[in-house]
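For the sequence shown, position 17 (counting from the first letter as 1) is numbered 375 according to our numbering, and the numbering increases by one without interruption. Working notes for the structure below.
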Amino acid sequence: MGSTSAIEWTDATWNPWHGCTRVSPGCLHCYMYSDKRRFGQDPTVVVRSKTRFREPLKWHEPKRVFTCSWSDWFHPAADQWRSEAWEIIRAAPHHTYQILTKRPELIPGRLPEDWGNGWRNVWLGVSVESSDYVQRIDALRRIPAQVRYLSLEPLLGPLPNLDLRGIGWVIAGGESGAGYRRCNGFWVRDIRDQCVSAHVPFFFKQWGGWQPKARGRLLDGRKWSEFPVE
Numbered sequence: 359m360g361s362t363s364a365i366e367w368t369d370a371t372w373n374p375w376h377g378c379t380r381v382s383p384g385c386l387h388c389y390m391y392s393d394k395r396r397f398g399q400d401p402t403v404v405v406r407s408k409t410r411f412r413e414p415l416k417w418h419e420p421k422r423v424f425t426c427s428w429s430d431w432f433h434p435a436a437d438q439w440r441s442e443a444w445e446i447i448r449a450a451p452h453h454t455y456q457i458l459t460k461r462p463e464l465i466p467g468r469l470p471e472d473w474g475n476g477w478r479n480v481w482l483g484v485s486v487e488s489s490d491y492v493q494r495i496d497a498l499r500r501i502p503a504q505v506r507y508l509s510l511e512p513l514l515g516p517l518p519n520l521d522l523r524g525i526g527w528v529i530a531g532g533e534s535g536a537g538y539r540r541c542n543g544f545w546v547r548d549i550r551d552q553c554v555s556a557h558v559p560f561f562f563k564q565w566g567g568w569q570p571k572a573r574g575r576l577l578d579g580r581k582w583s584e585f586p587v588e
């Protein structure tokens, strides 16, 4: 966690708090759980970071920052710290904060008072692993934001007929690690084709496997690494 990241679609990670609770099948093999247990910590307890809470203020070069990679920005257990974390985002506007959640229904009551049509440097996203959770996209679409995005990973099933209205970016990827569930190429190609048709930037992160890089990132002979226009 910190000023650099191996995640292909971001530059850095920032975890003002860590720990989370599972809400759907996409959470089953979350890397945060195994990493926290390796450190002898309970991954289900949400705790404020002792050393990294104000980290973006130390980074002088602009970065894309995956925010709360070890938690959920909108988790209710973090309510006591979120206002202070919003102030850090306000104080370091040269970064772009990629905030991803599986709890979009909690977003409206947890935005800053001056959110308006969204802060320029904040992208709001939802994770959708299968067709059982596409309602998260509808919930996100109701939230004003400068960029709304989808993280379709770990992709566990087909997602036909996606409604991409108001969506500015789509990431897709397979699961990695012990017990990984295999990603089907037809699912990925269909998502890519829907993005191309809707003129939505598409980023294919990985096929997944025992190791994250095991099967690479090539999709039909090329890497798809598109980003929203900033």
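Glycine is no exception: its CB is placed at the ideal position from the N, C-alpha and C atoms. Given the structure is predicted, the values throughout are model-derived calculations rather than measurements.
Counting along the chain, residue 544 sits inside the alpha helix (DSSP H) bounded by residues 543 to 556. With a cutoff of 8 Å on beta-carbon distance, residue 488 and residue 514 are scored as near each other. Assignment of residue 572 by DSSP, reduced to helix, strand and coil, places it in the coil class. For a cut-off of 8 Å, the C-beta gap from residue 458 to residue 509 is around 6 Å, short enough to register as a contact. Annotation for residue 405: 375, 376, 377 place their beta carbon closer than 7 Å to its own, counting only its chain and skipping 5 residues before and after. The alpha carbon of residue 369 has as its nearest neighbour, out of 456, 385, 484, the alpha carbon of 456. Taking all protein chains in view, the Cβ of residue 507 is crowded by 16 or more other Cβ atoms within 10 Å, so the residue is classified as buried.
Following the DSSP letters along the chain, one finds residue 481 inside the beta strand (DSSP E) bounded by residues 480 to 485. Residue environment: residue 416 is assigned as exposed (fewer than 16 neighbouring CB atoms within 10 Å of its CB, all protein chains considered). Taking the C-beta atoms as reference points, residue 529 is found nearer than 8 Å to residue 561.
Taking residue 527 as the centre and dropping the five residues before and after it, the same chain places the C-beta of 507, 559, 586 closer than 6 Å to its C-beta, in chain order. Nearest Cα to residue 446 within the set 464, 423, 463: 423. Residue 371 has its alpha-carbon roughly 6 Å from the corresponding atom of residue 425. Counting along the chain, residue 456 sits inside the beta strand (DSSP E) bounded by residues 454 to 459. Between residue 498 and residue 462, the gap from beta carbon to beta carbon is short of 8 Å. DSSP places residue 380 in the coil class of the three-state scheme, outside both helix and strand. Among the bridge pairs identified by DSSP, residue 560 is matched with 528. Under DSSP, residue 424 takes part in a beta bridge, and its partners are 371, 456.
Residue burial is scored here from C-beta neighbours: residue 397 has fewer than 16 other C-beta atoms within 10 angstroms and is therefore classed as exposed. Straight-line spacing of the CA atoms in residue 443 and residue 495 works out to 25 Å. Straight across, the Cα-Cα distance linking residue 366 with residue 438 is about 31 Å. In this structure, the CA atom of residue 545 is about 29 Å from the CA atom of residue 480.
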